[in-house]
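Residue numbers (my numbering), protein chains in the order written: chain A, 17 to 127; chain B, 10 to 274.
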Amino acid sequence: MWSWVGHRITGVVIFFFLLVHVLDTSLVRVSPEAYTAVIGAYKNPVMGLGEAGLVAAIVFHAFNGLRIVAIDFWKKGNKYQARLLWSVLILWVVVMVPFLIRHLSIVFGGH
Amino acid sequence: MSPIETAETAPEPASKIELPAHVGGGGEIPTFDVTLRVRRYNPEVSEDFVWEDYELTMYGTDRVLDALHKIKWEHDGSLSFRRSCAHGVCGSDAMRINGRNRLACKTLLKDLDTKKPITVEAIKGLPVEKDLIVDMEPFFQSYREIMPFLINKGHEPTRERLQSAEERARFDDTTKCILCAACTSSCPVFWTDGQYFGPAAIVNAHRFIFDSRDDAGDMRLEILNDKEGVWRCRTTFNCTEACPRGIQVTQAISEVKQAILSRQV
């Protein structure tokens, strides 16, 4: 059940990101200066951590989404669902650790 | 001395098998103290649910149902719960024990953490009537809707309707259902959407859909192709974990989904 709860929560998080993302990107049509100002405002450590959280949510949602596809369409998906969940979590760690090292060193290292 | 005389004079042995004193002796079953925390509800007294603790001394061979009996028979006769066969067949005593749906008659106390209070509450998602008793009507309503009986359009045979071992094996898993509602009341979708057919109804539909002797599979697939049918399933696997008969419930639901996709108009 917790994989499903995680999938729901990350799904809502990603939805809100996309909403804001569409809004700020469409600003460029209104006024390129306003767009630059808004994007500039994102360059601080708090947003940096937010980005890390967003990537964490997307990576989990993506891998778990593949797991759900496997459960629905692969004959043995139901049998191996718990192992598939562990694979999702392991892949999540494998992807997140290098990303966080690189990302956080940029966010906090000041280039 | 003839054998008959021996039988008359020798004392009758207590047991046919001689056991050493430390094996199989009465009163040798270890006892332990346990706290049962039961979520009580009595609408005639109050609309609120209250947790009540009962300190009991139980045996190592006792189940949660025995503890409930002890409370009802020796401590508080007002405690209400359902049970019938008490041996895991009738499906009356599904309840939420330590946060998991199980049959009280199949859950040994020694398998739970007896250091902490054992919580016992009614199954979720169905209206509670009193203490551990819920109104099962919505559950059975869904069950009836999937037509859980053989529908055969051919002539009534004069002998058994034959079926190969393979055909029988196709739906063997779902014949084990005892309608205890442990699966349906463990489903988070059912908790929030009482209109959902629920795992138990789908399991029982599966039992007939994949039965070679039945002719109404398409009708049942049509019923379950509803907004509140199989597509409500989010594969959380709570039902599979809850089933006291070990039915692969989520697997059965997946098979019904596949059948709808592949055969249907």
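Cβ atoms here follow ideal geometry from the backbone N, Cα and C, with glycine treated the same way.
With a threshold of 7 Å, establish whether the CB of Asp140/B neighbours any heavy atom of the ligand HEM. In terms of ligand content, the structure shown is empty, and the ligand HEM therefore cannot be addressed.
Assuming Arg92/B contacts Leu117/B under a Cβ cut-off of 8 Å, what Cβ separation, rounded to an integer in Å, is found between them? Separation of the CB atoms of Arg92/B and Leu117/B is rounded to 16 Å, and the pair is thereby denied contact status at 8 Å.
What residues from the segment 73 to 94 of chain A come within 8 Å of chain E, judged by C-beta to C-beta, listed N to C? Going by chain labels, chain E is absent from the structure shown, which instead holds the protein chains A and B.
Taking 8 Å as the CB-CB cut-off, is Phe246/B touching chain A? Yes, its Cβ sits closer than 8 Å to a Cβ of chain A.
Interface flag, Met63/A vs chain B, CB-CB below 8 Å: Residue contact with chain B for Met63/A: absent (no Cβ-Cβ distance below 8 Å to any residue of chain B).
Start and end of the alpha helix (DSSP H) containing Leu107/A? Counting along the chain, the alpha helix (DSSP H) containing Leu107/A begins and ends at 97 to 125.
From Arg170/B to Phe58/B, what does the alpha carbon distance come to, in whole angstroms? If you take the alpha carbons of Arg170/B and Phe58/B, they lie about 51 Å apart.
Taking buried to mean at least 16 other C-beta atoms within 10 Å of its own C-beta, is Arg229/B buried or exposed? Buried, by the Cβ-count rule.
By how many angstroms is the C-alpha of Arg272/B removed from the C-alpha of Cys114/B? Per the coordinates, the alpha-carbon of Cys114/B lies some 41 Å from the alpha-carbon of Arg272/B.
Interface residues of the segment 172 to 197 of chain B facing chain A [CB-CB below 8 Å]: From the segment 172 to 197 of chain B, only Pro197 have a Cβ closer than 8 Å to chain A.
Would you kindly work out how many angstroms separate the C-alpha atoms of Phe33/A and Arg118/A, rounded to a whole number? Within the model, the alpha-carbon separation for Phe33/A versus Arg118/A is close to 22 Å.
How many whole angstroms separate the CB atoms of Ala268/B and Asn110/B, which I take to be in contact at a CB cut-off of 8 Å? The pair is not a contact, with the Cβ atoms about 27 Å apart (cut-off 8 Å).
Determine the chain A residues that contact Arg254/B at a beta-carbon separation under 7 Å, and present them in chain order. By Cβ distance, chain A contributes nothing, its closest Cβ being about 17 Å from Arg254/B, past 7 Å.
Using the C-alpha atoms, what's the distance from Leu105/A back to Ala98/A? Roughly 11 Å between the two C-alpha positions.
Strictly under 8 Å for the Cβ-Cβ distance: is Ser271/B near chain A by that measure? Chain A, which has no Cβ nearer than 8 Å to the Cβ of Ser271/B, makes this no.
Cα-Cα separation between Leu70/A and Gly56/A, rounded to whole angstroms: About 18 Å.
Within a Cβ cutoff of 6 Å, which residues of the same chain sit near Leu159/B, ignoring the five residues on either side of it in sequence? Excluding residues within five positions, the ones whose Cβ falls inside 6 Å are Asp223.
The segment 87 to 119 of chain B: positions lying closer than 8 Å to chain A by Cβ: For the segment 87 to 119 of chain B, which is checked against every Cβ of chain A, not one residue is closer than 8 Å.
Taking 8 Å as the CB-CB cut-off, is Thr201/B touching chain A? Judged by the 8 Å Cβ criterion, Thr201/B is not in contact with chain A.
Limits of the beta strand (DSSP E) - the one that Phe31/A falls within: Counting along the chain, Phe31/A falls outside any beta strand (DSSP E), though it belongs to the alpha helix (DSSP H) covering 18 to 46.
Whether or not the segment 86 to 98 of chain A and the segment 256 to 263 of chain B are in contact is what I'm after, with contact meaning three or more pairs of Cβ atoms, one per stretch, closer than 8 Å; do they touch? With the rule of 3 Cβ pairs closer than 8 Å, the segment 256 to 263 of chain B counts as touching the segment 86 to 98 of chain A.
For Arg243/B, would you say it is in contact with chain A, using Cβ-to-Cβ distances shorter than 8 Å as the test? Closer than 8 Å: yes.
Kindly list, in the order they appear in chain A, the residues whose Cβ is closer than 9 Å to that of Gln257/B. Chain-ordered, the chain A residues with CB closer than 9 Å to the CB of Gln257/B read Asn94, Lys95.
From the beta carbon of Gln260/B, is the nearest beta carbon of chain A less than 8 Å away? Taking Cβ atoms only, chain A reaches closer than 8 Å to Gln260/B, which makes this a yes.
Residues bridged to Trp240/B (per DSSP): DSSP lists no partner for Trp240/B.
With 8 Å as the threshold, decide whether the Cβ of Trp12/A is near any Cβ in chain B. No answer is possible for residue 12/A: it lies beyond the span of chain A, which begins at 17 and ends at 127.
Would you report the Cα separation of Gln8/B and Ser221/B, rounded to the nearest angstrom? Residue 8/B lies beyond the range of chain B shown here (10 to 274); nothing can be said about it.
Please state whether DSSP places Met10/B in a helix, a strand or coil. Confidence at Met10/B is low in this model, with a pLDDT of 44, below 50, so its placement is unreliable and the value that follows should be read with caution. Met10/B falls in the coil class under three-state DSSP.
Out of Asp62/B, Cys99/B, Asp102/B, state which residue places its alpha-carbon closest to the alpha-carbon of Asp85/B. Among Asp62/B, Cys99/B, Asp102/B, the Cα nearest to that of Asp85/B is on Asp62/B.
Any 3 or more C-beta pairs closer than 8 Å across the segment 231 to 238 of chain B and the segment 173 to 192 of chain B: A contact between stretches requires three or more CB pairs, one per stretch, nearer than 8 Å, and the segment 231 to 238 of chain B fails this requirement with the segment 173 to 192 of chain B.
Assign Glu83/B to one of two classes, buried (16 or more other C-beta atoms within 10 Å of its C-beta) or exposed (fewer than that). Counting Cβ neighbours within 10 Å, Glu83/B comes out exposed, since fewer than 16 surround it.
Let me confirm a value: Glu14/B is counted as buried when at least 16 other C-beta atoms fall within 10 Å, else exposed. Which label applies? For Glu14/B, the predicted structure reports a pLDDT of 49, less than 50, and the residue's modelled location is therefore unreliable. A value from the coordinates is still provided. Classification for Glu14/B: exposed.
Give me the DSSP bridge partner(s) of Tyr51/A. Checking the DSSP bridge columns, you'll see Tyr51/A has no partner listed.
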